[in-house]
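Structure record follows, encoded as structure tokens.
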Amino acid sequence: MARLFGTDGVRGVANEELTPLLAMQLGQAGAYVLTKEKEHKPTIMVGCDTRISGDMLANALMAGVCSVGANAVYVGVIPTPAVAYLTRKYKVDAGVVISASHNPVEFNGIKFFDGDGYKLPDEMEDEIEALIKSNMKDVPFPTGSRVGKIKYRTDAREEYINHAIQSVPVDLTGMKIVIDAAEGASFYTSVEAVKELGAEVIAIHNNPDGTNINANCGSTHMEELQARVVYEKADIGLAFDGDADRLLAVDEKGNLVDGDQIMAIVGNHMRGQGKLNKDTIVVTVMSNLGFSLMAKEQNLNVEQTKVGDRYVLERMKEIGASLGGEQSGHVIFLDENTTGDGLLSALHLLQVLVDTKKPLSELSKIMTVLPQALVNAKVPNHKKEHYMDYPEIASAIEKLNTMFAGEGRVLIRPSGTEPKVRVMIEGKDQALIDAEAKKLADLIQNTML
Numbered sequence: 006m007a008r009l010f011g012t013d014g015v016r017g018v019a020n021e022e023l024t025p026l027l028a029m030q031l032g033q034a035g036a037y038v039l040t041k042e043k044e045h046k047p048t049i050m051v052g053c054d055t056r057i058s059g060d061m062l063a064n065a066l067m068a069g070v071c072s073v074g075a076n077a078v079y080v081g082v083i084p085t086p087a088v089a090y091l092t093r094k095y096k097v098d099a100g101v102v103i104s105a106s107h108n109p110v111e112f113n114g115i116k117f118f119d120g121d122g123y124k125l126p127d128e129m130e131d132e133i134e135a136l137i138k139s140n141m142k143d144v145p146f147p148t149g150s151r152v153g154k155i156k157y158r159t160d161a162r163e164e165y166i167n168h169a170i171q172s173v174p175v176d177l178t179g180m181k182i183v184i185d186a187a188e189g190a191s192f193y194t195s196v197e198a199v200k201e202l203g204a205e206v207i208a209i210h211n212n213p214d215g216t217n218i219n220a221n222c223g224s225t226h227m228e229e230l231q232a233r234v235v236y237e238k239a240d241i242g243l244a245f246d247g248d249a250d251r252l253l254a255v256d257e258k259g260n261l262v263d264g265d266q267i268m269a270i271v272g273n274h275m276r277g278q279g280k281l282n283k284d285t286i287v288v289t290v291m292s293n294l295g296f297s298l299m300a301k302e303q304n305l306n307v308e309q310t311k312v313g314d315r316y317v318l319e320r321m322k323e324i325g326a327s328l329g330g331e332q333s334g335h336v337i338f339l340d341e342n343t344t345g346d347g348l349l350s351a352l353h354l355l356q357v358l359v360d361t362k363k364p365l366s367e368l369s370k371i372m373t374v375l376p377q378a379l380v381n382a383k384v385p386n387h388k389k390e391h392y393m394d395y396p397e398i399a400s401a402i403e404k405l406n407t408m409f410a411g412e413g414r415v416l417i418r419p420s421g422t423e424p425k426v427r428v429m430i431e432g433k434d435q436a437l438i439d440a441e442a443k444k445l446a447d448l449i450q451n452t453m454l
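Residue numbers for the sequence shown follow my numbering, beginning at 6 and rising by one.
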């Protein structure tokens, strides 16, 4: 059986793979493992994104939490980084987010934060998983007054907005900003925060109905935002994903500004203010080669990790870095929050625009983005880690590595959250790398069916 936890919690098709039964078991095992050393009655905070399956799974999970004698605090629809922050602020024992981030509506996920707002280490996830597989062996189920209860809070999102504004109190008076909330968890928080700071806001995709999350909108579908920014003659466009832990931007000319560029812009500005610890930015192996070239030119230090914002965070904590993230737009400002935070990323980027009085198109020139092709190969979930076991795939990858040596690079990796192997090639010729990436992805998909 494949490991239950991926790189970002437990994910699957809601009510098929991620069932209410599994959600309840995760509530039971998670509450027990996270709080078994506590002498008081523990409390776990639970929030979700706008998916229709969120209520079903959240209530099942909270039933599990209560069944092992812990209390739950339900904060409803709220961004993932808000749960990480509020878990610390309210001094609860753990936090849980019901979300599948940028994935389509039929998917959902469950991820845990410890009492300090950090994602769980692999060992703790393994302990939770082992308990579920053992059918909760040796877990006591209390009765009477020792059963847990659920408290509902409706003010949590305002607390999160206040935290973001106090962290980056930038005056946005006179700015015109288009926000794409992806019909997701930031439909209220991102719009209200930017309005409170004085900007004129044009909000799109901020009317979630439970079924439209990430549907041709948000940070995975930028085309509409790009066109709207140009049409409105706006200063900038901001795109969030379904749970608002990532941000991508659009400059005033309609050009995409990705996570690498955002970190380059904000990181250099932070360094100038003496706020970039150790003059270091932590990124993953998926970051564009142009980022490394920029860092060399600007005398910045770059630390690379494997893909996944949890690994970026681990390295940041190890070395004391204050900024890190991924090309996909997960950017972590560790002095202000313990996970990728789309709203904080947006406010930091806007701060640079205000302080420098430069348009985003000019600021983004600090880094040259090298052509990159990324193609997904759909493969069975249980096979995705074993692509190199197939001689024809291994041989094709070796040939590509030889072809692009010194002129680019080839990176192949299984998705941590989906039944896919991702093929990424960087090089100087976009048409060539597009063709070669597609050819290899097709080979992987057809060979591993």
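Beta carbons are placed, not taken as given, at the ideal position from N, Cα and C, and that holds for glycine.
- When the distance is taken between beta carbons, is Ala351 closer than 8 Å to Ser195? The sequence position of residue 195 within the sequence shown is 190, counting from 1. The sequence position of residue 351 within the sequence shown is 346, counting from 1. Contact flag set, yes.
- Task: Give me the Cα-Cα distance between Thr361 and Met227, rounded to the nearest whole angstrom.
- Result: As a first step, residue 361 is located in the sequence shown; it is residue number 356 there, counting from the start. As a first step, residue 227 is located in the sequence shown; it is residue number 222 there, counting from the start. The straight-line gap from Cα to Cα measures roughly 26 Å.
- Using a Cβ-Cβ cut-off of 6 Å (strictly less than) and excluding sequence neighbours within five positions of Ala269, which residues of its own chain qualify? Residue mapping note: residue 269 aligns to position 264 of the sequence shown, counting from 1. For Ala269, where only same-chain residues beyond five positions count, the Cβ hits under 6 Å are Met299, Ile371, Met372.
- Could you spell out where the beta strand (DSSP E) holding Tyr79 opens and where it closes? Reading the sequence shown from its first residue, position 74 is the one you call residue 79. That run of the beta strand (DSSP E) goes 76-82.
- Where DSSP assigns a beta bridge to Thr285, which residues make up the other side? If you number the sequence shown from 1, residue 285 lands on position 280. Paired residues: Asn306.
- Option nearest Ile430 by Cα separation, candidates Cys222, Pro424, Gly421, Leu416: Counting from one through the sequence shown, the residue named residue 430 turns up at place 425. For the residues Cys222, Pro424, Gly421, Leu416, the minimum Cα distance to Ile430 belongs to Leu416.
- Item | Own chain residues within Cβ distance below 6 Å of Gly35, not counting five before or after | The residue you call residue 35 lines up with position 30 of the sequence shown. These residues qualify, in order along the chain: Phe117, Ile133.
- Ile402 - partner residues in DSSP beta bridges: For this step, residue 402 is matched to residue 397 along the sequence shown. None; Ile402 has no bridge partner.
- Query: What residue range is occupied by the uninterrupted beta strand (DSSP E) comprising Gln171?
  - Reply: For the purposes of this step, residue 171 is identified with residue 166 of the sequence shown, where counting begins at 1. That residue, Gln171, is in no beta strand (DSSP E); its alpha helix (DSSP H) goes 161-172.
- Query: Looking only at C-alpha atoms, which of Thr85, Ala169, Glu163, Asp160 sits nearest to Leu355?
  - Reply: Start at 1 with the first residue of the sequence shown, and residue 355 comes out as number 350. Out of Thr85, Ala169, Glu163, Asp160, Ala169 has the C-alpha closest to the C-alpha of Leu355.
- Consult DSSP for Met6 and reduce its assignment to one of helix, strand or coil. For the purposes of this step, residue 6 is taken as the residue at position 1 of the sequence shown. For Met6, the predicted structure reports a pLDDT of 49, less than 50, and the residue's modelled location is therefore unreliable. The matter cannot be settled from this model.
- Three-state secondary structure (DSSP) at Asn342? For the purposes of this step, residue 342 is identified with residue 337 of the sequence shown, where counting begins at 1. Coil.
- Message: Given a cut-off of 8 Å on the beta-carbon distance, is the pair Val336 and Glu308 in contact?
- Response: Translated into positions along the sequence shown, residue 336 becomes position 331. Translated into positions along the sequence shown, residue 308 becomes position 303. No, Cβ-Cβ distance for Val336 and Glu308 is not below 8 Å.
- Item | Residue nearest to Ala77 in terms of C-alpha spacing, selected from Pro47, Cys222, Pro25, Asp143 | Within the sequence shown, the letter at position 72 stands for residue 77. Comparing Cα positions, the closest option is Pro47.
- With distances taken from CA atoms, which of Phe10, Asp250, Gly179 is nearest Lys138? Along the sequence shown, read from residue 1 onward, the residue named residue 138 stands at position 133. Answer by Cα proximity: Phe10.
- Task: Report, in whole angstroms, the separation of the C-beta atoms of Ala187 and Gly223, which I expect to be a contact under 8 Å.
- Result: Position 182 of the sequence shown, counting from 1, holds the residue named residue 187. Position 218 of the sequence shown, counting from 1, holds the residue named residue 223. Going by Cβ atoms, the distance from Ala187 to Gly223 rounds to 3 Å, so yes, they are a contact pair.
- Using the C-alpha atoms, what's the distance from Glu197 back to Pro213? By one-based count along the sequence shown, residue 213 stands at place 208. By one-based count along the sequence shown, residue 197 stands at place 192. Going by C-alpha positions, Pro213 is about 16 Å away from Glu197.
- Message: In the DSSP output, what is Ala410 paired with across the bridge?
- Response: Your numbering for residue 410 matches position 405 in the sequence shown. For Ala410, which the question treats as bridged, DSSP gives the partners Gly413.
- Message: Along the chain, where does the alpha helix (DSSP H) containing Asn219 start, and where does it finish?
- Response: In the sequence shown, residue 219 corresponds to position 214, counting from 1. Where Asn219 is concerned, there is no enclosing alpha helix (DSSP H), given that its DSSP letter is neither H nor E.
- Asp265 - containing alpha helix (DSSP H), residue span: Indexing the sequence shown from 1 puts residue 265 at position 260. Here the alpha helix (DSSP H) through Asp265 covers 264-277.
- Query: Taking Cβ to Cβ, would you say Leu66 is nearer than 8 Å to Ala161?
  - Reply: On the sequence shown, residue 66 is found 61 positions in, with the first residue counted as 1. On the sequence shown, residue 161 is found 156 positions in, with the first residue counted as 1. No, the Cβ-Cβ distance between Leu66 and Ala161 is not below 8 Å.
- Can you tell which of Leu177, Asn219, Ala220 has the C-alpha that lies nearest to the C-alpha of Glu205? Position 200 of the sequence shown, counted from the first residue, corresponds to residue 205. Looking at the Cα atoms, Leu177 is the closest of the given residues.
- Exposed unless 16 or more other CB atoms sit within 10 angstroms - verdict on Gly179: Position 174 of the sequence shown, counted from the start, is the residue given in the question as residue 179. Label assigned to Gly179: exposed.
- Can you tell me whether Tyr37 is buried or exposed, with buried defined as 16 or more other CB within 10 angstroms of its CB? Taking the sequence shown and counting its residues from 1, the one referred to as residue 37 is at position 32. Buried is the call here.
- Compare the beta carbon distance of Gly247 and Ser333 with 8 Å and say whether it is the shorter of the two. As a working mapping, residue 247 is identified with position 242 in the sequence shown. As a working mapping, residue 333 is identified with position 328 in the sequence shown. Going by C-beta atoms, Gly247 is not nearer than 8 Å to Ser333.
- Task: Out of Arg93, Ala105, Pro109, Asp131, state which residue places its alpha-carbon closest to the alpha-carbon of Asp119.
- Result: Translated into the one-based positions of the sequence shown, residue 119 becomes position 114. For the residues Arg93, Ala105, Pro109, Asp131, the minimum Cα distance to Asp119 belongs to Arg93.
- Message: Comparing C-alpha positions only, which one of Pro385, Gly149, Leu62 sits nearest to Val73?
- Response: Numbered from its first residue, the sequence shown carries residue 73 at position 68. Among Pro385, Gly149, Leu62, the Cα nearest to that of Val73 belongs to Gly149.
- Task: Go to Thr48, then tell me how far its beta strand (DSSP E) extends in each direction, as first and last residue.
- Result: Within the sequence shown, residue 48 is the residue found at index 43, counting from 1. Residues 48-53.
- Task: Between the Cα of Ser172 and those of Leu202, Ala190, Ile398, Ala401, spot the shortest distance and give me the residue it belongs to.
- Result: On the sequence shown, residue 172 is found 167 positions in, with the first residue counted as 1. If we check each option's Cα against that of Ser172, Leu202 comes out closest.
- Task: Could you pull out every residue in the same chain whose Cβ sits closer than 7 Å to the Cβ of Glu441, ignoring the five residues on either side in sequence?
- Result: Here residue 441 is taken as the residue at index 436 of the sequence shown, counted from 1. Taken in chain order, the residues that qualify are Leu405, Ile430.
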